[in-house]
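Chemist: Take 7 as the starting number for the sequence shown in this note's numbering and just add one per residue. We put the CB at the ideal spot given by N, CA and C, even for glycine. A single structure is presented below for examination.
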Amino acid sequence: MSDSTIVMPGQQRAVVEEEEEKRDQWNSRTEFILATIGNCVGVGNVWRFPYLCYRNGGGTFLIPYFLSLLIIGLPLFMLELSIGQVFAKGNVLSYRRLDKRLGGTGVASTLMAFTTLFYYNIIVAWTLVYAWQSLRSPPNHVPWGESENRVDAERFWEHSVLKQSSGFEEFGHSIGSSQLIFASILAWLVLYLATRHGVQSTGKVAYVTATAPYILLALLVVRGITLEGAAEGLKFYLKPKPKILFQSTRPWLDAANQIVYSLGVGTGQLVAFGSYNTPNEDVVFDSVAIALLNSFTSLFAGIAIFSMLGHKAKRDGVRVSDVVDSGEGLAFVAYPDGLSALPGAGIWCFIFFITLFSLALDSSMALLEAWITMLADLGIFNDTKTAQLNHNYREFGVFSSCLFGFFVSLIFITRPGIYWFSLVDSVVVWGVFAVAVAECYGVARIFGAKRFAEQLHRMAGRRVPNLILYCWSTITPIVCFFLGLISLGITLARKNPKYEGARATILARLVSLLLMLGPLIIITFGIIYPDADWKRIFTCNFCSNTNKDTDSISSQAWTAATSKELESSTIRSTTNRNNPSSAPAATIIVDAPATLIPTSSSSSSSSSISSPANIELSHFPNSVHHRVQNNDNSPLTADGDYHNDEARRLATGSTDDDIVVQRPHHSNLV
Numbered sequence: 007m008s009d010s011t012i013v014m015p016g017q018q019r020a021v022v023e024e025e026e027e028k029r030d031q032w033n034s035r036t037e038f039i040l041a042t043i044g045n046c047v048g049v050g051n052v053w054r055f056p057y058l059c060y061r062n063g064g065g066t067f068l069i070p071y072f073l074s075l076l077i078i079g080l081p082l083f084m085l086e087l088s089i090g091q092v093f094a095k096g097n098v099l100s101y102r103r104l105d106k107r108l109g110g111t112g113v114a115s116t117l118m119a120f121t122t123l124f125y126y127n128i129i130v131a132w133t134l135v136y137a138w139q140s141l142r143s144p145p146n147h148v149p150w151g152e153s154e155n156r157v158d159a160e161r162f163w164e165h166s167v168l169k170q171s172s173g174f175e176e177f178g179h180s181i182g183s184s185q186l187i188f189a190s191i192l193a194w195l196v197l198y199l200a201t202r203h204g205v206q207s208t209g210k211v212a213y214v215t216a217t218a219p220y221i222l223l224a225l226l227v228v229r230g231i232t233l234e235g236a237a238e239g240l241k242f243y244l245k246p247k248p249k250i251l252f253q254s255t256r257p258w259l260d261a262a263n264q265i266v267y268s269l270g271v272g273t274g275q276l277v278a279f280g281s282y283n284t285p286n287e288d289v290v291f292d293s294v295a296i297a298l299l300n301s302f303t304s305l306f307a308g309i310a311i312f313s314m315l316g317h318k319a320k321r322d323g324v325r326v327s328d329v330v331d332s333g334e335g336l337a338f339v340a341y342p343d344g345l346s347a348l349p350g351a352g353i354w355c356f357i358f359f360i361t362l363f364s365l366a367l368d369s370s371m372a373l374l375e376a377w378i379t380m381l382a383d384l385g386i387f388n389d390t391k392t393a394q395l396n397h398n399y400r401e402f403g404v405f406s407s408c409l410f411g412f413f414v415s416l417i418f419i420t421r422p423g424i425y426w427f428s429l430v431d432s433v434v435v436w437g438v439f440a441v442a443v444a445e446c447y448g449v450a451r452i453f454g455a456k457r458f459a460e461q462l463h464r465m466a467g468r469r470v471p472n473l474i475l476y477c478w479s480t481i482t483p484i485v486c487f488f489l490g491l492i493s494l495g496i497t498l499a500r501k502n503p504k505y506e507g508a509r510a511t512i513l514a515r516l517v518s519l520l521l522m523l524g525p526l527i528i529i530t531f532g533i534i535y536p537d538a539d540w541k542r543i544f545t546c547n548f549c550s551n552t553n554k555d556t557d558s559i560s561s562q563a564w565t566a567a568t569s570k571e572l573e574s575s576t577i578r579s580t581t582n583r584n585n586p587s588s589a590p591a592a593t594i595i596v597d598a599p600a601t602l603i604p605t606s607s608s609s610s611s612s613s614s615i616s617s618p619a620n621i622e623l624s625h626f627p628n629s630v631h632h633r634v635q636n637n638d639n640s641p642l643t644a645d646g647d648y649h650n651d652e653a654r655r656l657a658t659g660s661t662d663d664d665i666v667v668q669r670p671h672h673s674n675l676v
């Protein structure tokens, strides 16, 4: 390690330590791809897409679906993975590097991920209950298949698993079934064990949870299409009904919502996953491949679902439309009831619910990783002495988050829990559109879409298609803006909203309003207060004793603008204003991996630069991190990120002092 001396305004000096970036990375490209596939391919591919396809015109629904994928899903998917990879940080810090006013956007998206996790992990618990019941039952008999009608499947779901009440207000003996409580504890424990070591453990788990569902789905498809009545079910699934597309906006809204829901955009996990990539990962190709695979999986799962529903309709002597259900009703009532009549029903049911378990667990891991990555990047898990990430603190953070999530998720285990589940599931997606508009605006209008694409090209070696660039700058934000307005308007216009047939109480309506408008409020807060200290907000540390007369925190951003090299970076500084000539008390951190390249070379061991504009910060795949600490080795406390457009702006008020950089032995100084 080599040192560099920097003379700051007022002739303060600081020791610059140049060290390798210590951020965790995926062990291999395979782990990144599998984990990202697991994040995208979730239970919605199995229980939501097939029903939406049937309800909105069968094969005709694929037109708005793939159009939404092209102009909304794929551009946002590629953008978020790229943002994480380029800036090597999670949501909050990555968005602040685009523009400091976007810090609230990063916080909003991550909070949506954490909120989604509360109810999503209950799905894991449901699958564990059914998988256990399937495993412990005789091979040809399951508890929900005692007779050849659906009533028993519904009764088992509503009364044995959920102990469901008749409405929101009927808490009574509010806790539901004991088996669901134990399953929920196990679900959160499994989630903790899978994510406690970050991407090092998540990547390993993904080898199983991302691949097993395809093997198990293939078994279910093969079994389903060989059953009597399967052809009729597939006909209902894919038969085109073109008129539906022009009769209402519902197919178009459903298609857009499904794409956003399925790909997991706008909730932080993609930025987090991208931030653990190596700089030269071909994220452009990966985005296209994973997004298409996600859509293929939805179609494939629909074949398994509707072939079985066709067989069930044939068996019961009814129409397919009479046995079709949506959401959890499809996954935990209609489909299991169809499986219950097969030879070896217990085995087939176990295969199905283990498939759902794997899909749900993958998504839960990604949602939790988005939250933990944000906390780690804000320094909440840093060691107080070294100011470096403490992995023991991080693991404790994962445990604490899971424990907190378990207690919050108890609301979904209560007797009216299924109504709360339906409420949250129906409104939480709205905030994604607000985040999408903000991040597209940040990249395209503030940072510059072409500039961002050029940076990505230098890193990954593949150019972003022009269509994607146009979507980033124009189509995607406009479409998301109007979709968000329409969704919000439809929700607010409902005078007496019902969830799972239960009328929402005043409390339920207030919660739904908070979930819808909360992200927008946080985004607006970040714009109004761009210098907000998010770490202090999350730790509720509003009364810290900061001596503004001695060590005041200031921020400075340097920008480089040449015809070929443009790069985003953040520089922070702390100075002693009372005694400018005193011992060194300055800190500078170049947060983006960068190399310092003076515009004029020098044969001596140091180079003098007359102004910050003469230093170019260029991102290279194998460049190092420049970290500066106080000379007395005290922890760094500087905070505040400034966008590159504020180049040469010194928060200390000094702008004319020279800056001298002593050449490190192994830096790229020319």
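Out of Y505, N97, L367, which has the shortest C-alpha to C-alpha gap to S211?
Modeler: In the sequence under discussion, the amino acid at residue 211 is Val, which differs from the Ser named in the question. Out of Y505, N97, L367, L367 has the C-alpha closest to the C-alpha of V211.
Chemist: Do G316 and A440 have their beta-carbon atoms positioned less than 8 Å apart in this structure?
Modeler: No.
Chemist: Our contact map puts L462 next to V449 with C-beta atoms below 8 Å; I'd like the distance itself, whole angstroms only.
Modeler: L462 to V449, Cβ: 11 Å. No contact.
Chemist: Please confirm if the region 261-270 is in contact with the region 284-304, defined as three or more CB-CB distances below 8 Å between the two stretches.
Modeler: Contact holds: three or more Cβ-Cβ distances are below 8 Å.
Chemist: What separation, rounded to the nearest whole angstrom, lies between the Cα atoms of G532 and A278?
Modeler: Cα-Cα distance, rounded: 20 Å.
Chemist: Going by DSSP in three states, T511 sits in which element: helix, strand or coil?
Modeler: Coil, per DSSP.
Chemist: Less than 8 Å between the CB atoms is what I'm expecting for V430 and L521, so what's the real figure, rounded?
Modeler: That belief holds up - the Cβ atoms of V430 and L521 are roughly 7 Å apart, short of 8 Å.
Chemist: Check whether the Cβ atoms of A216 and L40 lie closer than 8 Å to each other.
Modeler: Cβ atoms of A216 and L40: closer than 8 Å.
Chemist: Would you tell me roughly how many angstroms separate the C-alpha atoms of I187 and K169, rounded to the nearest one?
Modeler: Going by the C-alpha atoms only, they are around 12 Å apart.
Chemist: Quick one: does the C-beta of G411 sit closer than 7 Å to a heavy atom of the ligand FMN?
Modeler: Ligands displayed in this structure: none; no statement on the ligand FMN is therefore possible.
Chemist: Just mark R202 as buried or exposed, buried being the case when its beta carbon has 16 or more other beta carbons within 10 Å.
Modeler: The residue is buried, with at least 16 neighbouring Cβ atoms inside 10 Å.
Chemist: Can you check whether the CB of F38 is closer than 8 Å to the CB of N283?
Modeler: Cβ atoms of N283 and F38: closer than 8 Å.
Chemist: Measure the C-alpha to C-alpha separation of L197 and S370 and round it to an integer number of angstroms.
Modeler: Each residue's alpha carbon lies about 7 Å from the other.
Chemist: Please report the Cβ distance between L244 and G64, rounded to the nearest whole angstrom; I am assuming they are in contact, meaning their Cβ atoms lie under 8 Å.
Modeler: Indeed, because the Cβ distance is near 5 Å, the residues count as touching under 8 Å.
Chemist: Could you give the C-beta distance for V98 and M380, rounded to a whole number, given that I count them as a contact under 8 Å?
Modeler: Indeed, because the Cβ distance is near 5 Å, the residues count as touching under 8 Å.
Chemist: Closest to N62 by CA distance: which of L259, G44, I250 is it?
Modeler: Looking at the Cα atoms, I250 is the closest of the given residues.
Chemist: At which residue ranges does the region 439-516 contain complete alpha helix (DSSP H) runs of 4 or more residues, listed in the order of the chain?
Modeler: Here the runs fully enclosed are 455-466, 472-476, 482-499.
Chemist: Do the CB positions of R54 and G333 come within less than 8 Å of each other?
Modeler: Taking 8 Å as the Cβ cut-off, R54 and G333 qualify as a contacting pair.
Chemist: Only counting the same chain, and skipping five residues up and downstream in sequence, which positions put a Cβ closer than 7 Å to that of E175?
Modeler: The answer, listed in chain order, is T511.
Chemist: Nearest by alpha-carbon distance to V289: which of F387, Y535, Q91 is it?
Modeler: Minimum Cα distance to V289 is reached at Q91.
Chemist: Among N398, L108, A159, which residue has its Cα nearest to the Cα of G344?
Modeler: When only C-alpha atoms are compared, the closest one is A159.
Chemist: For I43, which residues of its own chain have a beta-carbon under 7 Å away from its beta-carbon, when the five flanking residues on both sides are left out?
Modeler: A216, I296, L299.
Chemist: Please name the residue, chosen from I534, L494, L473, that lies closest to P81 on a Cα-to-Cα basis.
Modeler: Selected option, being the one with the closest Cα: L473.
Chemist: Can you tell me which of L259, A193, F387 puts its alpha carbon nearest to the alpha carbon of V130?
Modeler: Nearest C-alpha to V130: A193.
Chemist: So what's L395 in DSSP terms, helix, strand or just coil?
Modeler: L395: strand per DSSP, three-state reduction.
Chemist: In this structure, how does DSSP classify T420 when only helix, strand and coil are distinguished?
Modeler: Strand at T420.
Chemist: Taking its Cβ as the centre, do 16 or more other Cβ atoms sit within 10 Å of Q253, making it buried, or is it exposed?
Modeler: Counting Cβ neighbours within 10 Å, Q253 comes out exposed, since fewer than 16 surround it.
Chemist: Per the contact definition of three or more C-beta pairs closer than 8 Å, is the region 103-119 in contact with the region 317-336?
Modeler: Contact fails: fewer than three Cβ-Cβ distances are below 8 Å.
Chemist: Taking a contact to mean a Cβ-Cβ separation below 8 Å, would you say L384 touches F544 in this structure?
Modeler: Yes, Cβ-Cβ distance for L384 and F544 is below 8 Å.
Chemist: To which residues does DSSP link I181 through a beta bridge?
Modeler: Paired residue(s): T420.
Chemist: Can you name the start and end residues of the alpha helix (DSSP H) that I77 belongs to?
Modeler: No alpha helix (DSSP H) holds I77; DSSP gives it neither H nor E.
Chemist: Less than 8 Å between the CB atoms is what I'm expecting for V517 and I77, so what's the real figure, rounded?
Modeler: Not really, about 32 Å apart at Cβ, beyond 8 Å.
Chemist: Look at the alpha carbon of L75 and the alpha carbon of G437, and state the distance between them as a whole number of angstroms.
Modeler: Approximately 18 Å, taken between the alpha carbons.
Chemist: Can you tell me whether A310 is buried or exposed? The criterion is at least 16 other CB atoms within 10 Å of its CB, across all chains shown.
Modeler: Per the 10 Å Cβ criterion, buried.
Chemist: Assuming contact is defined by CB atoms lying nearer than 8 Å, are K106 and D537 in contact in what I supplied?
Modeler: Yes, the pair counts as a contact, with Cβ atoms nearer than the cut-off.
Chemist: Indicate the three-state DSSP secondary structure (helix, strand or coil) for N388 in the structure shown.
Modeler: It is a strand residue.
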